[in-house]
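Per our numbering, numbering of the sequence shown is gapless, rising by one per residue and ending at 163.
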Amino acid sequence: MHVELDRFDIKILQQLQQDASISNQDLADRIGLTAAPCSRRVKQLLDSGVIERQVVRVNERKVGLNLIALLHIIMDKHIPERFEAFETAIAAIPEVMECYLITGHDADYQLKVAVADMDSYHDILLGKITRITGVSGVKSSFIMRKVVDTTAVPLHYIR
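So this is what it looks like as structure tokens:
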């Protein structure tokens, strides 16, 4: 369901995407509202699902996860039961940071996996991912450097 946003909502989202830890008072000051209406608007954005959650982003390399891989997963059968089983199994692997059902490639899913090193990657790939029923192929790429790294949704087009 599409949610209508006004200019204050957009300003709130822009500020929170830059720094979700900002205090309500500072947020209100930056967008030109008083604290109470600003707080109500943030709550409405949360309640409506526009803001899904507020999290802390951890730098993978700073905590020793030096190998980030993108995996393209090929499934043997395109039936709902296979996809449901795969998605349930993949969600239980903590090293999987992202999982997308995709189209336009020779793959069905794309995963982003974070591990310490190639040995850890080998363990995850052969010990967990390829053992999921229905996985018939995996193609891996490794991230050398992040060029763009944001979670911010572009809001400039909203009127």
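Idealized CB from N, CA, C, for every residue including glycine.
Original post:
Should I16 go down as buried or exposed, given a rule of 16 or more other Cβ atoms within 10 Å for buried?
Top reply: buried
Original post:
Beta carbon of V180, beta carbon of F87: below 8 Å?
Top reply: In this structure the chain extends from 5 to 163, so residue 180 is not present and cannot be described.
**OP:** For M79, count neighbouring Cβ atoms within 10 angstroms of its own Cβ and tell me buried if that reaches 16, exposed if not.
**Re:** buried
Subject >> Contact between the region 66 to 79 and the region 140 to 154 (3+ Cβ pairs under 8 Å) >> reply: yes
Subject >> Cut-off 8 Å between Cβ atoms - residues of its own chain near E64, not counting five sequence neighbours on either side >> reply: N70, I72 and A118
Original post:
What are the boundary residues of the alpha helix (DSSP H) that includes G131?
Top reply: M122 to G131
**OP:** Give me the Cα-Cα distance between D10 and S25, rounded to the nearest whole angstrom.
**Re:** 22 Å
**OP:** Just the C-alpha distance for I133 and D23, rounded to the nearest angstrom, thanks.
**Re:** 35 Å
**OP:** Please work out which residues of its chain come closer than 8 Å, Cβ to Cβ, to V62, disregarding the five sequence neighbours upstream and downstream, and give them in chain order.
**Re:** none
Original post:
Between H109 and the rest of its own chain, which residues show a CB-CB distance below 8 Å, the 5 nearest in sequence each way excluded?
Top reply: H76
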